[in-house]
Structures are given as C-alpha cells and as structure tokens.
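Numbered by this note's numbering, the letters in the sequence shown go through residues 20 to 387 in order.
For every residue, glycine included, the Cβ atom is placed at its ideal position computed from N, Cα and C.
Before any comments, here is the structure.
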Amino acid sequence: MKGRILGSRYQVLEYIAEGGFGRTYLAQDTQLPGKDLCIVKQLAPSFNAPKLLEIARRLFKSEAAALHNLGNHPQIPKLLAYFEEAEKFYLVQQYISGQTLDKEINPDQAWSTEQVIELLQDCLNVLRFIHNRGVIHRDLKPANLIRRDSDRKIVLVDFGTVKNILQGQSSIAELTVSVGTQGYMPIEQARGKPRASSDLYALGMIAIQAMTGIKPLDLEEDENGEIVWSHLTDTKPELIKILTNMTRYNYKERYSSAQSVLDDLNRCFPPAAIATNQTMLKPWQAENRRQELNAGEDYNALPGVRSIAVMADRTPQVQPKLAKHKQGKVILMIIVIAGGIYLSIHQLFLKPAPNASPPEATPDALNN
Numbered sequence: 020m021k022g023r024i025l026g027s028r029y030q031v032l033e034y035i036a037e038g039g040f041g042r043t044y045l046a047q048d049t050q051l052p053g054k055d056l057c058i059v060k061q062l063a064p065s066f067n068a069p070k071l072l073e074i075a076r077r078l079f080k081s082e083a084a085a086l087h088n089l090g091n092h093p094q095i096p097k098l099l100a101y102f103e104e105a106e107k108f109y110l111v112q113q114y115i116s117g118q119t120l121d122k123e124i125n126p127d128q129a130w131s132t133e134q135v136i137e138l139l140q141d142c143l144n145v146l147r148f149i150h151n152r153g154v155i156h157r158d159l160k161p162a163n164l165i166r167r168d169s170d171r172k173i174v175l176v177d178f179g180t181v182k183n184i185l186q187g188q189s190s191i192a193e194l195t196v197s198v199g200t201q202g203y204m205p206i207e208q209a210r211g212k213p214r215a216s217s218d219l220y221a222l223g224m225i226a227i228q229a230m231t232g233i234k235p236l237d238l239e240e241d242e243n244g245e246i247v248w249s250h251l252t253d254t255k256p257e258l259i260k261i262l263t264n265m266t267r268y269n270y271k272e273r274y275s276s277a278q279s280v281l282d283d284l285n286r287c288f289p290p291a292a293i294a295t296n297q298t299m300l301k302p303w304q305a306e307n308r309r310q311e312l313n314a315g316e317d318y319n320a321l322p323g324v325r326s327i328a329v330m331a332d333r334t335p336q337v338q339p340k341l342a343k344h345k346q347g348k349v350i351l352m353i354i355v356i357a358g359g360i361y362l363s364i365h366q367l368f369l370k371p372a373p374n375a376s377p378p379e380a381t382p383d384a385l386n387n
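Right under this line is the structure:
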C-alpha cells in the first residue's frame, strides 16, 4: 500500500492502524506545493448487497458533510476531502502533530486534580460545540484524544459518526448498530441508542482512569451497575461528585449536557484559582523551564511560558513570622537602642559650651 496514490491525489506514506471499520494511513497531498501531510481513513463496508451499499453511500456522504462542518472548531481536525474508490469509502483529514492520551495515562503516575480539571474543561468545550450541532462523537477514549504539540490543547479525533453505517449489518433496519469501545461506552450506546450524555460518560471514565491509573473494564461495579472508584483517589470531594454524575449507569441520572458539567466545574473550581495553581511556579522551576527551551527561542511564541516565568520571578519572598515572645524582645531591644541614640545626640548638641571667649580675628587670619 505504501506509495499508492488514492483519489488521484493522496500518496500513502505509511500504515498507522487498523480497526473494525477499516485502515488508517499517513499520506501526503501531491497536489499542494508543500505536499502537506494528511490522514487518510479507508472505510470498508462489510456487506455487498447493492441496496445496502447505496444506503451506506448516501449516509456516508451525509455524515462526512457533517464532519466537514465540525472542522470549523480549532480542536477538531478539518475534513479535507471524502471520496469513494473501488466500493471503499475514504476520509481525508488534517494531520495533527501530537501525542495521544493513551501514552500519557498510565498506572504508575496518577494525574493531579488540576490536570484532570484542565482535561475536562478542554474536552467539554469541544463536546458542547459538536452537541449543539447535533453530532455525537460516540468513541471517546484516550487513543482518540491528541495533545497537540503546538499549544498542548486536546484535539478530538476519529469520530464514530461514519463508522456506524459501515459495520456488518444483516438488514437495512440495523444500520444504526452501536459504535464505541467497551469500558468507555455506556449501556444505552451499547444498545444502539447513543445520546449526548454518552460522550459525557466516556469523558468521565477517561478522567477516572487518569486519576486512578485503572482501566474502566478493571473497575468494580455495585449491584446497581455503578462503578466503584472514589476510594482509589484522594482528589477533592467536589470533583468526585462531578465525575460520579458524569458516569451514572442510568443516563437519566447523568448530566444532560456538556454545559451543565462546565457550570459545576466553574462553580466548584473557579478558572482563576486553577490557573494560579498551575502557573505560579517557584523561581527555580521557572529557570528550569527556561533551560528546556531552545536557545534564542521567542518566549512570546510559546503560550503562557513567558508570563509564567515573569510571575515566578516576581513571587514575593515571604519571611517566616517570629513567635510572639521573640517579637516582644526585639521591640524592647529597639526601644533601648533608640533611647541610647537619642541621649547621645542630646548630650552632643545640647550640652552648655565652656565659658571661653572666641579667638580674636587677627589681620593674618583675615588675609587667609
């Protein structure tokens, strides 16, 4: 497949991954001067019936158009093109340079409360955008969240809106088969009835995994199907409550919108307080951060770096408070010293002068 030209334009550079819906390739656009990199997803329907294929083709075009509109958000890859070739469907998307969160989330290093809140706020703003446009991601998981190199923002990739029409179906009525990943997919989505709150469930599970280091399928459940996890972290009770409400078994007991989660997050953890905790580095931390930057690099080109360093340098050096009894001794000593200085000055300038006449002014003295 390497070197092959797809759609008379996109040259495959390397194979990236393969899933139940098809394959993903890194490619370059041969018709652009810079031969920009892009991601090409090959979606292969698992049925051959002409009638089903025609339905899939129509739905594919409709869903691809919806994805194209979502590309207006800076944290969603732009859909550059979509086409059909040899009864296979292809999506061409913007290439995002970064690292997926499945590389960052591991059992050996639990995320802090501040890190999890930042992740939630970052993703919830994107989910609010897509949900308001009638789109559900359907396959949120760490591997589908990329931390972009340029600004460290989270980018949502690999939407499941197109996958659901390309899986194996035995009848036209089953073209809404469920799409998702076990552990991150709530019960209603597994039954083929995803909702906006299904994405909130998945995001909540990702956050819990980041804090505990435990994958969703390894978490215990109670008799009501609710996951049991709060004892595995020492995070703040307010965050535990928010994540619990995001991951309720029954969608009716879950948050109904991304905005409602954001409202609770902002109420419990004001953005200014979170930003202060994250950016107020100690002076030596700021210096270490500077040393990590390449020589001559413009701080202003790196969002937040320069301001963080300046804030750190201006951090007041707070001296430890003296104990009360020590403060009393110091005050008494100051009074004694001040009194001694006063008496010395008084004696020096105010004591009477001796009864002696001033020397006479002689002619020699006047001439000098």
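| Item | Value |
| --- | --- |
| Within 10 angstroms of the Cβ of N163, are there 16 or more other Cβ atoms? Answer buried if so, exposed if not. | buried |
| Please report the distance separating the alpha-carbon of S216 from that of F102. | 31 Å |
| Where in the segment 34 to 75 do unbroken runs of the beta strand (DSSP E), each at least 3 residues long, occur, reported from the N-terminal end onward? | 41 to 48, 56 to 62 |
| According to DSSP, which residues form a beta bridge with I233? | Answer is none; I233 lacks a bridge partner. |
| Roughly how far, in whole angstroms, is the beta-carbon of R166 from the beta-carbon of I173, given that I think they are within contact range, below 8 Å? | 6 Å |
| Quick one: what does DSSP say K271 is sitting in, helix, strand or coil? | helix |
| Rounded to whole angstroms, what is the Cα-Cα separation between A231 and E272? | Residue identity check: residue 231 is Thr in the sequence provided, not Ala. Approximately 23 Å between the Cα atoms of the pair. |
| Just checking: is the beta-carbon of L236 within a distance shorter than 8 Å of some beta-carbon in chain D? | Here there is only one protein chain, and chain D is not present. |
| Measuring only from the beta carbon, is P289 closer than 7 Å to any heavy atom that is part of the ligand ZN? | Judged by which ligands are present, the structure shown has none, so any question about the ligand ZN falls away. |
| Tell me the residue span of the alpha helix (DSSP H) that contains R147. | 132 to 150 |
| Are the segment 263 to 280 and the segment 221 to 239 touching, with three or more C-beta to C-beta distances below 8 Å? | yes |
| For the segment 100 to 114 against the segment 73 to 86, do three or more pairs of beta-carbon atoms, one drawn from each stretch, fall closer than 8 Å, so that the two count as touching? | yes |
| Would the segment 243 to 254 and the segment 274 to 294 be scored as touching if the rule is three or more Cβ pairs under 8 Å? | no |
| Counting only the same chain and skipping the five closest in sequence on each side, list residues whose C-beta sits under 8 Å from that of A129. | A229, M230, T231, G232, T252 |
| Please return the same chain residues whose Cβ sits closer than 6 Å to the Cβ of P289, not counting the five positions on each side in sequence. | none |
| Assign E257 to one of three DSSP states: helix, strand, or coil. | helix |
| Could you give the residue range of the alpha helix (DSSP H) that holds V111? | Element bounds for V111: not the alpha helix (DSSP H) but the beta strand (DSSP E), 107 to 113. |
| Nearest by alpha-carbon distance to G26: which of E33, C142, A46 is it? | A46 |
| By Cβ distance below 7 Å, which residues in the same chain neighbour N234 in space, the five residues on each side in sequence not counted? | The question names Asn, but residue 234 is Lys in the sequence shown. If we look at K234 and ignore the five residues flanking it on each side, its Cβ neighbours are G202, Q228. |
| May I have the straight-line CA-CA distance separating V198 from E133, to the nearest angstrom? | 31 Å |
| So L62 packs on L110, CB below 8 Å; how close in whole Å? | 7 Å |
| Between E239 and the rest of its own chain, which residues show a CB-CB distance below 6 Å, the 5 nearest in sequence each way excluded? | V247 |
| Would the beta-carbon of D48 fall within 8 Å of that of Y34? | no |
| Hey, out of Q94, L281, I115, whose CA is closest to L56's CA? | I115 |
| Would you identify the three-state DSSP class for L25, choosing helix, strand or coil? | strand |
| Where E137 and Q113 are concerned, what is the direct C-alpha to C-alpha distance, given to the nearest angstrom? | 24 Å |
| Would you tell me roughly how many angstroms separate the C-alpha atoms of K122 and M204, rounded to the nearest one? | 20 Å |
| Can you round the beta-carbon distance between P93 and L120 to whole angstroms, since I take them to be within the 8 Å contact cut? | Contact flag wrong, Cβ pair sits at about 18 Å. |
| Can you grab the Cα-Cα spacing for the pair L258 / C287, in whole Å? | 8 Å |
| Tell me whether G244 is buried or exposed, calling it buried when 16 or more other Cβ atoms sit within 10 Å of its Cβ. | exposed |
| Do you know how far the Cα of D141 is from the Cα of I149? | 13 Å |
| Below 7 Å CB to CB, which residues in the same chain sit around V145 once its five sequence neighbours on both sides are set aside? | H92, Q94, I95, L175 |
| Does DSSP classify M20 as helix, strand or coil? | coil |
| Just grab the DSSP bridge partners of V166 for me. | According to the sequence provided, residue 166 is Arg. The question's Val does not apply to it. Its beta-bridge partners are Q118, I173. |
| Three-state secondary structure (DSSP) at S190? | With a pLDDT of 43 at S190, under the threshold of 50, the modelled position of this residue cannot be trusted, and the question is left open. |
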